Every structure is written in structure tokens, then in C-alpha cells.
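Chemist: Take a look at this one; I'll ask things after.
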Amino acid sequence: MSWNIDKTSKTNAKNPILIEGLPGVGNVGKIAVEYLIDALKAKKIYEMRSNEMPHYVFVNEENLIELPSIEIYSAKIKGKNIFLLSGDVQPSTETSCHSFCNTVIEAFEKDKGKEIITLGGIALKNIPEAPDMYFTANNKEMLKKYSLAKKTKKKLHEFIGPIVGVTGLLPGLAGKKKIPAVTMLIETFENPGYIGLNEARTIVKHLNKKLGLNLKNKDIDKELEVEVLLPQDTETKPKKKIESKSKSKPTKSKVKQIEKVPSYLKHIG
């Protein structure tokens with residue numbers, strides 16, 4: 024079945040930039056985008072539904088049932104319109120993924136969308152202390168515009184392999200419509216129970232710098248500081264040390280009891 028996209032509120036956005044972050048390895052994209060939804064006080068403009076969505080529901084903090092959702096939010100920063108796509112699930116089949124991405128692109132074209140940015144993780148066998156970011160795009164101009172020159176590998180295809188799901192397919196199909204798109208990937212731990220807050224923080228800071236979102240790094244650090252405790256037999260030190268090229272001192276990971284689950288961590292795990 025095809026995907027339906029329903030507009031929930033009017034938007035007068037001009038040449039918006041779409042940032043996608045759906046669940047995946049480390050949930051780095053989902054966490055980053057849902058943090059931005061909160062930080063930028065974005066409003067919901069679209070809801071997406073399909074009979075191919077999972078056959079389960081969530082129970083929220085008030086013991087009420089919630090259906091899995093995929094939504095698009097809109098925010099405006101210094102005259103720049105940002106669309107934020109996130110949700111609780113990914114399309115579950117190859118056919119569904121193609122249908123989903125085409126539906127998003129069609130709606131984005133109607134809004135005269137400018138660019139698409141997708142976010143994802145690169146699975147490692149251990150938790151990276153200083154995760155590296157890598158970039159690929161559907162044209163060279165986007166690659167140059169959004170990447171870190173020192174972190175752009177000339178032979179990235181030999182390093183990461185296929186990019187599966189919406190994170191990879193959306194930029195690919197967008198290219199067929201002449202919509203510029205870039206994919207930002209960051210190293211993260213492959214454990215299904217791992218929540219990559221440190222990695223999401225790195226992505227948010229990069230987006231903040233490239234898009235001029237006017238977010239303060241100290242606020243980003245404060246909100247995305249909680250590290251998730253893993254089983255005791257999980258090895259947390261990387262086999263190969265990844266050196267950070269930043270001149271600033273690395274921030275120590277913090278572990279604390281969460282009294283209230285932040286919105287960007289709901290429906291994870």
C-alpha cells in the first residue's frame with residue numbers, strides 16, 4: 024500500500040531544507056532531529072500513515088496508547104525554513120521504503136523544497152570515544168557545502184558499503200528529481216540497545232554550524248549529556264583509538280539517573 028501524507032497545519036515556508044532522522048543504528052539521526060524539533064520549537068505540519076506500519080502500539084507515561092508515528096515539523100530560523108522529519112519507525116519493506124520516499128519528495132516539491140539532509144550511523148563493534156563523521160551526496164556541490172574537508176574520504180564506498188533505508192534512498196531518489204541532497208553518517212556502536220547521544224550531539228553541532236541554527240553549544244551539551252548504561256559484559260573501549268582533531272579537551276561522558284525521559288528519547292529501545 025502507498026503512503027498517505029496529511030497536512031496538519033498551514034505552512035508558508037519558502038525553499039525549505041528537509042532534515043531526516045528516523046530510527047537506525049544508534050538512533051543517532053532520530054535523536055538529533057527530535058532534539059532539533061524541541062530546541063527550535065518546531066510545529067507539526069505533516070503526518071504520514073500506511074497499512075505497512077508495524078502492528079503494535081506504545082504505552083506512554085500516562086498509561087495511554089499511542090500509535091507509531093512519522094511526522095514532519097517546520098521551524099524558521101533567521102529567515103531560513105527548516106523541515107524536520109522523524110518518527111518511531113522506518114518503512115518495513117523495500118517496496119514500502121520506495122513508496123515512502125517518493126511520497127516525501129512529492130510533498131517537498133509542492134513546498135518548493137531546496138535541499139535534503141539525511142542522518143545515519145556507521146556501525147562499529149565498540150563504542151567510539153571520538154566518533155568521526157563522513158559525508159556523501161547526490162552532487163559534488165552538496166558534498167563540498169556540508170562536509171568536513173578533512174573527514175571526506177575519497178573512496179568512501181570502500182569504507183561503508185550500501186546505505187540502507189530512508190537515509191540512503193531518499194537522497195538517491197531526490198537526485199532523480201534534481202533536488203540536491205547530502206547524507207551525514209557518524210560512527211556509532213552496533214549494539215541494538217545502544218543510544219548514541221554523544222554521536223547525536225556531534226551531528227547537531229555540525230548542523231548548527233552549517234545551517235546557522237543559532238543554538239548554543241553549552242545548551243546542546245547539557246541536553247545531550249546522558250550516557251546509557253549497557254550490560255556489564257559490553258566492551259566500551261574501542262579496539263582502535265580514534266583520535267579527535269579538535270583542540271578543545273574532550274568532554275567526559277556522564278551517567279545519571281533519568282527522572283523524566285526527554286522527548287527525543289521516547290519510543291527508543
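The sequence shown begins at 24 in this note's numbering and counts up by one.
Cβ coordinates follow ideal geometry from the N, Cα and C atoms, glycine included.
The model shown is predicted, which means the values in this text are computed figures rather than measured ones.
Quick check: the Cα distance between alanine 223 and leucine 147, rounded to an integer number of angstroms?
Modeler: Looking up residue 223 in the sequence shown gives position 200. Looking up residue 147 in the sequence shown gives position 124. Rounded to whole angstroms, alanine 223 to leucine 147 spans 15 Å at the Cα level.
Chemist: With a cut-off of 8 Å, do at least 3 Cβ pairs link the segment 233 to 242 to the segment 67 to 75?
Modeler: no
Chemist: Tell me the rounded alpha-carbon separation between glycine 47 and asparagine 104.
Modeler: Walking along the sequence shown from the start, residue 47 turns up at place 24. Walking along the sequence shown from the start, residue 104 turns up at place 81. If I take the Cα positions, the gap works out to 26 Å.
Chemist: Go to leucine 230, then tell me how far its alpha helix (DSSP H) extends in each direction, as first and last residue.
Modeler: Start at 1 with the first residue of the sequence shown, and residue 230 comes out as number 207. Run containing leucine 230: 220 to 234, per the alpha helix (DSSP H) assignment.
Chemist: Looking only at DSSP bridge pairs, what is aspartate 20 linked to?
Modeler: Absent from the structure is residue 20, since the part of the chain shown begins at 24 and ends at 292.
Chemist: Could you give the C-beta distance for glutamate 43 and threonine 190, rounded to a whole number, given that I count them as a contact under 8 Å?
Modeler: By 1-based counting over the sequence shown, the position of residue 43 is 20. By 1-based counting over the sequence shown, the position of residue 190 is 167. Indeed they touch by this definition, with Cβ atoms about 7 Å apart.
Chemist: Please report the straight-line C-alpha distance between alanine 153 and glutamate 213, rounded to a whole angstrom.
Modeler: In the sequence shown, the residue the question calls residue 153 occupies position 130. In the sequence shown, the residue the question calls residue 213 occupies position 190. For alanine 153 and glutamate 213, the distance between alpha carbons rounds to 15 Å.
Chemist: Quick check: tyrosine 169 and phenylalanine 158, are their CB atoms within less than 8 Å of each other?
Modeler: Against the sequence shown, residue 169 aligns to sequence position 146. Against the sequence shown, residue 158 aligns to sequence position 135. Contact: yes.
Chemist: Given a cut-off of 8 Å on the beta-carbon distance, is the pair proline 91 and aspartate 61 in contact?
Modeler: As a first step, residue 91 is located in the sequence shown; it is residue number 68 there, counting from the start. As a first step, residue 61 is located in the sequence shown; it is residue number 38 there, counting from the start. Cβ distance not < 8 Å, so proline 91 and aspartate 61 don't count as in contact.
Chemist: Once DSSP output is grouped into helix, strand and coil, what is the label at alanine 65?
Modeler: If you number the sequence shown from 1, residue 65 lands on position 42. If DSSP states are grouped into helix, strand and coil, alanine 65 belongs with coil.
Chemist: Count the other CB atoms, across all protein chains shown, that sit within 10 Å of the CB of proline 194; report buried if there are 16 or more and exposed otherwise.
Modeler: Here residue 194 corresponds to residue number 171 of the sequence shown, with the count starting at 1. Under this definition proline 194 is a buried residue.
Chemist: Measuring straight from C-alpha to C-alpha, what distance separates glycine 198 and lysine 228?
Modeler: Here residue 198 is taken as the residue at index 175 of the sequence shown, counted from 1. Here residue 228 is taken as the residue at index 205 of the sequence shown, counted from 1. Approximately 26 Å between the Cα atoms of the pair.
Chemist: Would you call the segment 118 to 131 and the segment 50 to 67 touching, i.e. three or more CB-CB distances under 8 Å?
Modeler: no
Chemist: Since lysine 135 and asparagine 38 should fall inside the 8 Å C-beta cutoff, what is the C-beta to C-beta distance between them, to a whole number of angstroms?
Modeler: On the sequence shown, residue 135 is found 112 positions in, with the first residue counted as 1. On the sequence shown, residue 38 is found 15 positions in, with the first residue counted as 1. Yes, they are in contact, since the Cβ atoms of lysine 135 and asparagine 38 sit about 6 Å apart, within 8 Å.
Chemist: Can you tell me whether valine 80 is buried or exposed? The criterion is at least 16 other CB atoms within 10 Å of its CB, across all chains shown.
Modeler: In the sequence shown, counting from the first residue as 1, residue 80 sits at position 57. Valine 80 sits exposed, since fewer than 16 C-beta atoms from the chains shown fall within 10 Å of its C-beta.
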